[in-house]
Structures are given as C-alpha cells and as structure tokens.
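Here's the structure, in structure tokens; my notes come after.
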Amino acid sequence: MSDLSPELRELVLAGKGATLPTAADSARIFEILRARLGEAAFASAEAGQAVAAPSSAGFVTGKLATLGLAGLALLGGFLFFSARSQRAVPSESNSAPRAAATEWAPQALAASALAPAAPQATDPTSAEVAATAGSNDGVRTEPRPIASPHPKDSLSEEVAILSRAETALHGGQPGLALKLLNEHERRFGNGLLAEERIAARIQALCALGRTADATAQLAQLSPKSLHGAQARQACGPRKIN
Amino acid sequence: MPQTDSAARLASLDAEPALVRTIPITRVPAFAEIYRTYFSFVWSSSRRLGVNESEMDDVVQEIFITINGRLPTLEQPESLRSWIYSIVRRTVSSYHRAKRAKNASTATLSAEPEMHYPQTPSPQQLAEHSDQIKLLWSLLENIDATKREVFVLAELDEMTVPEIASALEVPLNTVYSRLRAARLELEAALQRQNAQTINRGRSCPT
Chain Y
1 MSDLSPELRE
11 LVLAGKGATL
21 PTAADSARIF
31 EILRARLGEA
41 AFASAEAGQA
51 VAAPSSAGFV
61 TGKLATLGLA
71 GLALLGGFLF
81 FSARSQRAVP
91 SESNSAPRAA
101 ATEWAPQALA
111 ASALAPAAPQ
121 ATDPTSAEVA
131 ATAGSNDGVR
141 TEPRPIASPH
151 PKDSLSEEVA
161 ILSRAETALH
171 GGQPGLALKL
181 LNEHERRFGN
191 GLLAEERIAA
201 RIQALCALGR
211 TADATAQLAQ
221 LSPKSLHGAQ
231 ARQACGPRKI
241 N
Chain H
242 MPQTDSAARL
252 ASLDAEPALV
262 RTIPITRVPA
272 FAEIYRTYFS
282 FVWSSSRRLG
292 VNESEMDDVV
302 QEIFITINGR
312 LPTLEQPESL
322 RSWIYSIVRR
332 TVSSYHRAKR
342 AKNASTATLS
352 AEPEMHYPQT
362 PSPQQLAEHS
372 DQIKLLWSLL
382 ENIDATKREV
392 FVLAELDEMT
402 VPEIASALEV
412 PLNTVYSRLR
422 AARLELEAAL
432 QRQNAQTINR
442 GRSCPT
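Protein sequence lines correspond, in order, to chains Y and H.
With the working numbering, letter number 71 in the first sequence gets 71, and the count goes up by one each step, no holes.
With the working numbering, letter number 132 in the second sequence gets 373, and the count goes up by one each step, no holes.
Take a look at the structure:
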C-alpha cells in the first residue's frame, strides 16, 4: 500500500474491515462443516500438528490441540447457532431464496440429513443466543432450545458471551457489552477469542466516548490485525490510533 | 534452528489468525488449521466476489468442503493462499453460473467471477463508517474488473504479486501492470470525486 495516497490508503483500510465475518459466522460454518465432514476432518489437527511440527512451541500446539478437541465439544456447544445455520441446511419450510442456494449446493440437503437432531435445552445462555440469532435470519424461527453434551465447554461459552456482547453493542448498549466483555476476560483471559474480545471492546469504548481507553486497547492488537482495522473503522469519527 | 523457525512461524500464525499470511509454509497444514487461519479470507473473498449475504453460508461451506477434498493434491504448500483463492474463485464462478441459469432474464454476470461489492453492508457499517466504504466500492466499481480484482487482492488482502499471479494463473508482469493501472485509475477517480464534492459545496447556497 506504500504507493497509495493517504486518502486512498484510508479508504482501503475501511474496506479491509467491511467484509470480515463475525465470530458467530465462523462458529456457525464450523458446526455445519463438522456435520458434513465428520469429526475426523477437524480432529486431524492434532495428528497433523504432531507429525508435521513436533517441535512446535507448547502453547501453540496446545492451542491447536484445543481447537481439534473443540470439534468434539462443539457438537452441542455451537448448536445454539442452529437457528441461523438453517440457511445452509434448508428445510422444506424454507422459502424461495433458500431454494436457489440449495440447487447450487445440493450437498446442503445431505447435510440436513447428517445434521444431528437438536437435543433438549439445559443451557439458558445458549437458548438466549439461539433466539437472538434466529431473529436476524429473516425467516422467523422459534428459539430452538438445545443442549450441549459438554454444557460447560469453554469455547462454546466464549462464543456465547461474545455473541451477547455483540448483540448489546449493536443494540446500542455499549455499557452492557463492556460488562460482558469484562466477564469474558475474567473467565477466559487469553482464550481462543481474545482478539475478537479486544476488537469488540474497542468498539464499545468508542461508543461510550472513551477514546483514550480504546486507543490503549488497540495497542494490544497487531498493527496489521484485521480485527483492529475493523474496530478502528467502527469507531468512525472518533479517531483512534 | 529449524525447530525454532517452525515454532516462531506457528506462534505467529496462532497469534494473528485473521491476518493475511506472508510467511512461507513448508508443509500442508491440517484442515482445522486451514479453517482457523483462512476462514476470514475465504469469507471476505467470497463476499467481494459477489455472493449474496443470504447465500454466504452455503458458498463458504462448499469452498471448505472442496479444500478438504483436494488438500491431499496440494503440491506446493507455500502457495496455499493462492490455491485457496483459486478454489474460492472457481466455486463462486459456479455459484454465479447457477444463478445466471436460474435467472436467465436478468443475466448480466460474466462467466468469470468479478469483484462485486456488497451493496448491503451491515447495519453497523452503515451507521458508523458507510461513507468511506461506499466511496471505495463506488471507485472500485468504475474500474476494469481484472484490474479491480488484482487491486483488491494486493491492497485489501495483502497478497503478494507472485501469489496473485499464481491464483489468477496469469504472468507476473500482467499482475504488476494491472496493479499499477488500478492504482492510477483509483487515484484519479478519487481526485475527480473530491473536485466534484468541492464544486457542489461552492454551488450550494449557504
């Protein structure tokens, strides 16, 4: 980007964050893929890591191993996104817009057959998030209470808290979002979604007019972080650096 | 030394999962690692290539299904990102073809996927920084599609020129010339835009 004028560079920076997915997008597709590909595709992270890079730093291996193991735990944990995931696993009740995608991706139908049936609810947080996700889908879906075989799975809890924070943030409640993000930090510290938490916190702080605090948070992210770029842009006219 | 390099590389990948990689990869990563590392890239690329928001889940999962299936055939792990982008491009092309066939009366899309920019940014984007994004998209829409794609890959995705050449299967010099031309055209368009804004400001009674 060195050849660009400052003005065009600024536009490019805005564009970088414009099409980024959310943590919920990632979790939702992850769950669909697990249903379609099976455990082996994701569990192989551990084996692949061990064979290919036996000398990897412990925490890195551990974190990737966590990701692999998370595949097992996510079976229930991420099912709270099932209401939204129905866009990819169309049911007969879904309307025309879904049909186009189904024609293009016929395997999606197979996925619906492979997808595990939603069990009964035990986790109110998951049910709450499922309700929120479902309401964004355009297709009115009743909140589908679901249970996790690992209700206390940390990754699913991380996603749940961040989803609630994101909902609060976009609902004009940055204070509540901040509380939830603080709770996430207290419980998970450098969890798998720590970077997403920092980016969300920057946005919440900006919304509260606390630009100095937002700038301090931004320093925790890599200068090249796309999450940082997104958060920086989300702060809009309240410039932070 | 190789151990240290490997650890450092993996630590870097792990610390910045959303970043575009410029670090050479000398082995084929496991699918789960690819998912974690490249999900944002695949998502953003698909969106920029014109996939409707309501169909993003289908397209993105199809891309990862393809990646998983073809991973054993990947011969050059160092070209992983280019390889992934070429899969994104082909998958999105199939998506556009299917849509065109379904909706022949309004078929205006070319056979090749083009960089179409999301016309429906999220409410957050609309509320907070829509002006800059709208301006960028409008500038990009007005340059040639081949130049636009190279510019976006180079500037937004921070892909190297060799990576872009590999992904698009065009010569290096072609990428260089398209990138140079795109930058010049965008700078000129931005200047015109600024001049128009100033003129409008002058002509408006205060």
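Don't be surprised by glycine CBs; every beta carbon is placed ideally from N, CA and C.
Please read all numbers here as calculations on a predicted model, not as lab measurements.
What residues in the stretch 404–419 of chain H have a beta carbon less than 7 Å from any beta carbon of chain Y?
none
Check distances from the C-beta atoms of the stretch 2–14 of chain Y to those of chain H and list, in chain order, the residues that come in under 8 Å.
D3, L4, S5, E7, L8, E10, L11, V12, A14
Does the beta-carbon distance from H:M400 to H:L409 come in below 7 Å?
no
Please specify which runs of the alpha helix (DSSP H), each continuous and at least 4 residues long, are wholly inside the stretch 274–342 of chain H, giving them in chain order.
297–311
Beta-carbon gap between H:A423 and H:I374 smaller than 7 Å:
no
Compare the C-alpha of Y:E157 against each of Y:A177, Y:K179, Y:H184 and name the closest.
Y:H184
Is there a Cβ of chain Y sitting closer than 7 Å to that of H:V301, yes or no?
yes
Tell me which same chain residues have a C-beta within less than 6 Å of the C-beta of Y:A165, skipping the five on either side of it?
A177, L180, L181, A200
Let's see if you can read the secondary structure: which residues bound the alpha helix (DSSP H) around H:V411?
From DSSP, H:V411 is part of no alpha helix (DSSP H); its letter is neither H nor E.
Residues that Y:P174 contacts on chain H, provided the C-beta gap is smaller than 7 Å
The contacting residues do not exist; Y:P174 stays about 12 Å from chain H at best.
Give, in chain order, every residue of the stretch 295–325 of chain H whose Cβ lies closer than 7 Å to some Cβ of chain Y.
S295, E296, D298, D299, V301, Q302, E303, F305, I306, N309
As a quick exercise: from H:R268, H:A273, H:E404, H:N344, pick the residue whose alpha carbon is nearest that of H:L316.
Sequence check: residue 316 of chain H is Glu here, not Leu. Checked all of H:R268, H:A273, H:E404, H:N344; the closest Cα to H:E316 is H:R268.
Out of H:I405, H:H337, H:F392, state which residue places its alpha-carbon closest to the alpha-carbon of H:R421.
H:F392
Please report the straight-line C-alpha distance between H:I439 and H:L376, rounded to a whole angstrom.
15 Å
Taking all protein chains shown into account, decide if Y:A35 is buried (16 or more other Cβ within 10 angstroms of its Cβ) or exposed.
buried
Determine the closest residue to Y:L193 out of Y:Q220, Y:V159, Y:L221, with distance taken between C-alpha atoms.
Y:V159
State yes or no: is the beta carbon of H:R389 nearer than 7 Å to at least one beta carbon in chain Y?
no
Using the Cα positions of H:V411 and H:W378, report the straight-line distance between them to the nearest angstrom.
25 Å
Considering only residues of the same chain and omitting the five flanking positions on each side of Y:Q230, which have a CB-CB separation below 7 Å?
G17, L20, A199
DSSP-derived helix/strand/coil call for H:D398:
coil
Neighbouring residues, chain H, relative to Y:R36 (Cβ below 8 Å)
Q302, I306
With DSSP as the reference, label Y:T215 as helix, strand or coil.
helix
If Y:A219 and Y:C206 are in contact, beta carbons under 8 Å, what's the gap, nearest whole angstrom?
Y:A219 to Y:C206, Cβ: 15 Å. No contact.
Check the Cβ-Cβ distances between H:E369 and every residue of chain Y, and say whether any is below 7 Å.
Bear in mind that the predicted position of H:E369 carries a pLDDT of just 49, short of 50, making it too unreliable to give a figure here.
Are H:V333 and H:S295 closer than 7 Å when you measure CB to CB?
no
Near Y:H227, which residues of its chain fall below 7 Å by C-beta distance, leaving aside the five closest residues on each side in sequence?
E195, E196, A199, L221
Among Y:C235, Y:P223, Y:N190, Y:R9, nearest to Y:I202 - alpha-carbon criterion:
Y:C235
So, is Y:P124 buried or exposed, given that buried needs 16 or more other C-beta atoms within 10 angstroms?
Residue confidence for Y:P124 is low, a pLDDT of 36 falling below 50, so the modelled location carries little weight and cannot support an answer.
Use the C-beta contact count for H:Q432: other C-beta atoms within 10 angstroms, 16 or more gives buried, fewer gives exposed.
exposed
Buried or exposed by the 16-neighbour rule on C-beta atoms within 10 Å, applied to H:K340:
buried
Answer yes or no: does any C-beta atom of chain Y fall closer than 7 Å to that of H:I328?
no
Go ahead and label Y:G15 buried or exposed: buried means 16 or more other beta carbons lie within 10 angstroms of its beta carbon, across all protein chains shown.
buried
Using the three-state DSSP reduction, which class does Y:Q230 fall into: helix, strand or coil?
helix
Relative to the C-alpha of Y:A27, which candidate in Y:L4, Y:E10, Y:S5, Y:L162 has its C-alpha closest?
Y:L162
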